[in-house]
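Since the structure comes first, as structure tokens, the remarks are kept for the end.
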DNA sequence: GTCTATATCTAGATAGAC
DNA sequence: GTCTATCTAGATATAGAC
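Residue numbers (our numbering), protein chains in the order written: chain A, 4 to 199; chain B, 4 to 199.
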């Protein structure tokens, strides 16, 4: 279907160059149609963009809740590690989605900045709370030292977000190797495992 | 001087809305002049942008080398902590510079992407190497376990970059408090300090 | 649904008076 | 160095034939 092809090409260009620097004519050229044909599928550029936003956010949420569900029966520390690996691997294999999402989160188009930030914010708060729950459980189970679970969750996201941002700008890095070391550098198990 | 005022307002707008979404007329309006007057100070929009790039990069480099120099007589673990605090504090107090720099690094304007990425890349490689040197020294001094210093440096930047990205999107967060916990979550001293 | 042709708008940039 | 007036290019979007 042409609508899907438009979305796919638009996602890639929006991810690479951003909303403002991407012309509808460029999208049309890449798929071999003329610019006005796009308007048979989407009312306008912003509507096309927001449709992609919706899909990329749904993919993000799906990836997270899959990781949360799949790891549900593991202890807190192993669970956090599994989620880190699952989410980062997902985005190493979907770099367009990764760039689009990070760009949307940090620097949304000025034209829809307020709404985009609201939706990303609530999505992030939701996941932050899920991670805080795991830290809280880990503290109850005496796997972690008793610190603020919310702040530990923030620290967790600092590392994950920093890692994903690096994936964007160091595309030739050996991620499979790096992810282990990055993860090992994060204190997860100070009560039991003092030798790493 | 008017040139300085233009740069200052342009930096703030480029940081907030990005290069493409910022109009010269908007810059002019904010400082109470008309658009063509800008051309008496800069040959064009891109030249103005690149001038700001140069200054923001110089500020970044200066901040880093100041942190490196000031901490030079401390042991490796304390040194890395001091640098983390110095650099993050600098950018918490200069949010325009922070947004501009992160935007430039992750999503430079399509028009100058190749050159901008080249200069940011070499700047980052330079700092990555400085941090790797500190890790290497720490391994020699038996402060750290013997891992790849380069990869440890990458992990260090993952945490720092993730923290700084979070500063952009959670401006009301208590950073002074958070930076300690974020830092404590990073394994620095496994050979000596097993109790954090 | 796709096309050609065109309307409309806005932005960067220039000319030239003061 | 600043202004008014203008040029030009390129973008979104629309009209209407096929």
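From the three backbone atoms N, C-alpha and C, an ideal C-beta is built for every residue, glycine too. Computed from a predicted model, the values in this text were never measured in an experiment.
Endpoints, the alpha helix (DSSP H) within which residue i is located
| i | result |
| --- | --- |
| residue 117 (chain A) | 116–143 |
| residue 17 (chain A) | 5–20 |
| residue 23 (chain A) | First-last for residue 23 (chain A): undefined, no H or E at that position. |
| residue 48 (chain A) | 48–73 |
| residue 111 (chain A) | Run containing residue 111 (chain A): none; DSSP gives neither H nor E here. |
| residue 164 (chain B) | 152–172 |
| residue 182 (chain B) | 178–187 |
| residue 81 (chain B) | 79–95 |
Integer-rounded CB distance, given that residue j should sit under 8 Å from residue i
| i | j | result |
| --- | --- | --- |
| residue 113 (chain A) | residue 20 (chain B) | 4 Å |
| residue 54 (chain B) | residue 10 (chain B) | 7 Å |
| residue 15 (chain B) | residue 44 (chain B) | Actually they do not touch by this definition, with Cβ atoms about 17 Å apart. |
| residue 12 (chain A) | residue 41 (chain A) | 10 Å between Cβ atoms; not a contact. |
| residue 75 (chain A) | residue 90 (chain A) | That pair is no contact at about 15 Å. |
| residue 108 (chain A) | residue 172 (chain B) | 7 Å |
| residue 176 (chain B) | residue 155 (chain B) | Not confirmed; about 27 Å, so no contact. |
| residue 18 (chain A) | residue 165 (chain B) | Residue 18 (chain A) to residue 165 (chain B), Cβ: 20 Å. No contact. |
| residue 64 (chain A) | residue 126 (chain A) | 7 Å |
| residue 52 (chain B) | residue 110 (chain A) | At roughly 15 Å, the Cβ-Cβ gap does not stay under 8 Å, so residue 52 (chain B) and residue 110 (chain A) are not in contact. |
Beta-carbon proximity check, residue i vs residue j, cutoff 7 Å
| i | j | result |
| --- | --- | --- |
| residue 67 (chain A) | residue 120 (chain A) | no |
| residue 170 (chain B) | residue 103 (chain B) | no |
| residue 153 (chain B) | residue 135 (chain B) | yes |
| residue 161 (chain A) | residue 56 (chain B) | no |
| residue 23 (chain A) | residue 24 (chain B) | yes |
| residue 95 (chain A) | residue 178 (chain A) | yes |
| residue 27 (chain B) | residue 37 (chain B) | no |
| residue 8 (chain B) | residue 34 (chain B) | yes |
Where residue i meets chain B, residues with beta-carbon distance less than 8 Å
| i | result |
| --- | --- |
| residue 165 (chain A) | 160, 161, 162, 163, 164, 165, 166 and 168 |
| residue 190 (chain A) | 187, 188, 189, 190 and 199 |
| residue 135 (chain A) | Within chain B, no residue comes near residue 135 (chain A); the closest Cβ sits about 13 Å away, beyond 8 Å. |
Closer than 9 Å at the beta carbon, the chain A residues around residue i
| i | result |
| --- | --- |
| residue 109 (chain B) | 102, 105, 106, 109, 110, 168, 171 and 172 |
| residue 80 (chain B) | Residues of chain A passing the Cβ test: none, with the nearest at roughly 13 Å. |
| residue 181 (chain B) | 154, 157, 158 and 161 |
| residue 31 (chain B) | Correct list: empty, because the minimum Cβ distance to chain A is about 18 Å. |
Heavy atom of the ligand NAD within 6 Å of residue i beta-carbon
| i | result |
| --- | --- |
| residue 48 (chain B) | No copy of the ligand NAD appears in this structure; indeed no ligand is present at all. |
Chain-ordered neighbours of residue i on chain A, where CB pairs are closer than 7 Å
| i | result |
| --- | --- |
| residue 38 (chain B) | Near residue 38 (chain B) there are no residues of chain A at all, since even the closest Cβ is about 19 Å away, more than 7 Å. |
| residue 119 (chain B) | Those do not exist, as residue 119 (chain B) stays about 12 Å from chain A at its closest Cβ, beyond 7 Å. |
Chain A contact residues for residue i, given Cβ-Cβ distances below 8 Å
| i | result |
| --- | --- |
| residue 23 (chain B) | 21, 23 and 24 |
| residue 83 (chain B) | The premise fails here: residue 83 (chain B) is roughly 11 Å from chain A at the closest Cβ pair, so nothing lies under 8 Å. |
| residue 184 (chain B) | 150, 151, 154, 155, 157 and 158 |
| residue 65 (chain B) | Simply none; closest approach about 22 Å. |
Proximal residues of chain B, C-beta to C-beta of residue i below 9 Å
| i | result |
| --- | --- |
| residue 13 (chain A) | The contacting residues do not exist; residue 13 (chain A) stays about 15 Å from chain B at best. |
| residue 75 (chain A) | The premise fails here: residue 75 (chain A) is roughly 23 Å from chain B at the closest Cβ pair, so nothing lies under 9 Å. |
| residue 43 (chain A) | None at all; the shortest Cβ gap to chain B is about 27 Å. |
Proximal chain B residues relative to residue i, where beta-carbon distance stays under 7 Å
| i | result |
| --- | --- |
| residue 70 (chain A) | Result: empty, since nearest Cβ-Cβ is about 18 Å, beyond 7 Å. |
Touching by the beta-carbon criterion (3+ pairs, under 8 Å), the segment 65–85 of chain A and the segment 183–192 of chain A: yes
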